[in-house]
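Peer 1: Just passing along the structure, written as structure tokens.
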């Protein structure tokens, strides 16, 4: 059924956004969303496998009715109105794949291009591996096809086992101490000034629309830290997807200074697919993990071109 959007949507400039509660395979209610509730967008359909714990508001240009792409997506379990699963073990990539398929079924989508961001790239590749008939192509942005935690902190050139050790243990620490941090995090006054300041740190780069970014970040911070850490630990168990079983066109859009998904690993994945004769392309942009907010026009252009070529 359709539901009203959460609070932050009320502050967004005129957009097209609707939420629906659907049932996933294991009985978990998941909140799906679309930028085309009235079916008026004259363009191809893309299924967005979003970054872990993120939300529609971090894609402001996709919420413009003139974006030319019909998007359907969902919020991760325990995030943004989606239910926490009764079985707390159901927080791994395979369960996100189930959610994605349930969303596609709800919207009557037999197959589509998958757009993955961050951990959503894992979801997109895993769905393609398990259900190739549902996927027409993968637009992989700032993410890798599995074993993501080993690729984190890429600009520091750490050995893969060390990168994984550091990042996974950081999540374990947050899982048990997040209850202390969560009340403080929710009180952070996120606004354009803070976004501009973070944009000078290297974790993020300057944004052309810091106001829209602030709205998305504010919504992101509503998820309790300890729950986010639990989600992250679940996804950390996702191994590399066997690229030998991927036979759809792919486009990897990497960010040179991405701390959360190594650009060199994305380039390597694309190269391995090319060696097998698969249609693939690698594009590297100067920016951070949040490249769709830093270079929205360029990412939009790449997405439109890819979807038109594949479709």
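In the numbering used here, the protein residues as written are 1417 to 1727. We put the beta carbon where it would ideally sit given N, CA and C, even for glycine. Since we're looking at a predicted model, the values are computed, not measured.
Could you give the distance in angstroms between the alpha-carbon of residue 1443 and the alpha-carbon of residue 1455?
Peer 2: The count along the chain shown starts at 1 and reaches residue 1443 at position 27. The count along the chain shown starts at 1 and reaches residue 1455 at position 39. About 28 Å.
Peer 1: Helix, strand or coil: how does DSSP classify residue 1461 here?
Peer 2: Within the chain shown, residue 1461 is the residue found at index 45, counting from 1. Strand at residue 1461.
Peer 1: Just to confirm before moving on: does the CB-CB distance between residue 1598 and residue 1627 stay below 9 Å?
Peer 2: Your numbering for residue 1598 matches position 182 in the chain shown. Your numbering for residue 1627 matches position 211 in the chain shown. No. Outside cutoff.
Peer 1: Since I believe residue 1462 is in contact with residue 1529 (beta carbons under 8 Å), could you give me their beta-carbon distance rounded to a whole number of angstroms?
Peer 2: Start at 1 with the first residue of the chain shown, and residue 1529 comes out as number 113. Start at 1 with the first residue of the chain shown, and residue 1462 comes out as number 46. So it is a contact: roughly 5 Å between Cβ atoms.
Peer 1: Please report the straight-line C-alpha distance between residue 1694 and residue 1667, rounded to a whole angstrom.
Peer 2: Sequence index remark: in the chain shown, residue 1694 carries index 278 (1-based). Sequence index remark: in the chain shown, residue 1667 carries index 251 (1-based). Their backbone Cα atoms lie some 11 Å apart in a straight line.
Peer 1: Opposite residue 1445 in the DSSP bridges: which residues?
Peer 2: Taking the chain shown and counting its residues from 1, one reaches residue 1445 at position 29. Answer is 1439, bridged to residue 1445.
Peer 1: Using a 10 Å radius around the Cβ and a threshold of 16 neighbouring Cβ atoms, would you call residue 1722 buried or exposed?
Peer 2: Numbered from its first residue, the chain shown carries residue 1722 at position 306. Buried, because 16 or more other Cβ atoms sit within 10 Å of the Cβ of residue 1722.
Peer 1: Provide the residue(s) that pair with residue 1700 in DSSP beta bridges, ordered along the chain.
Peer 2: For the purposes of this step, residue 1700 is identified with residue 284 of the chain shown, where counting begins at 1. Residue 1700 pairs with 1670.
Peer 1: Can you tell me where the alpha helix (DSSP H) holding residue 1533 begins and where it ends?
Peer 2: Locating residue 1533 in the chain shown gives position 117, where the first residue counts as 1. Unbroken run through residue 1533 is the beta strand (DSSP E), 1528-1533; no alpha helix (DSSP H).
Peer 1: Tell me which residues share the same chain as residue 1594 and place their Cβ nearer than 8 Å to its Cβ, disregarding the 5 neighbours each side in the sequence.
Peer 2: By one-based count along the chain shown, residue 1594 stands at place 178. Correct list, in chain order: 1640, 1641, 1642, 1643, 1644, 1645.
Peer 1: On the CB-based measure, 16 or more other CB atoms within 10 Å of its CB, does residue 1636 come out buried or exposed?
Peer 2: For the purposes of this step, residue 1636 is identified with residue 220 of the chain shown, where counting begins at 1. Buried: at least 16 other Cβ atoms inside 10 Å.
Peer 1: Can you say whether residue 1715 is buried or exposed, counting buried as having 16 or more other CB atoms within 10 angstroms of its CB?
Peer 2: Here residue 1715 is taken as the residue at index 299 of the chain shown, counted from 1. So residue 1715 counts as buried.
Peer 1: For residue 1494, which residues of its own chain have a beta-carbon under 6 Å away from its beta-carbon, when the five flanking residues on both sides are left out?
Peer 2: One-based indexing of the chain shown puts residue 1494 at position 78. Within the same chain, residue 1494 has close Cβ partners 1500, 1643.
Peer 1: Ignore the nearest five residues each way along the sequence and tell me which others in residue 1551's own chain have a CB closer than 8 Å to its CB.
Peer 2: For the purposes of this step, residue 1551 is taken as the residue at position 135 of the chain shown. Cβ within range, chain order: 1527, 1528, 1529, 1530, 1540, 1543, 1544, 1664.
Peer 1: Classify residue 1575 as buried or exposed, calling it buried when 16 or more other Cβ atoms lie within 10 Å of its own Cβ.
Peer 2: The count along the chain shown starts at 1 and reaches residue 1575 at position 159. Under this definition residue 1575 is an exposed residue.
Peer 1: Taking the continuous alpha helix (DSSP H) assigned at residue 1565, which residues delimit it?
Peer 2: As a first step, residue 1565 must be located in the chain shown, where it is residue number 149. Residue 1565 -> no alpha helix (DSSP H), and no H or E assigned at all.
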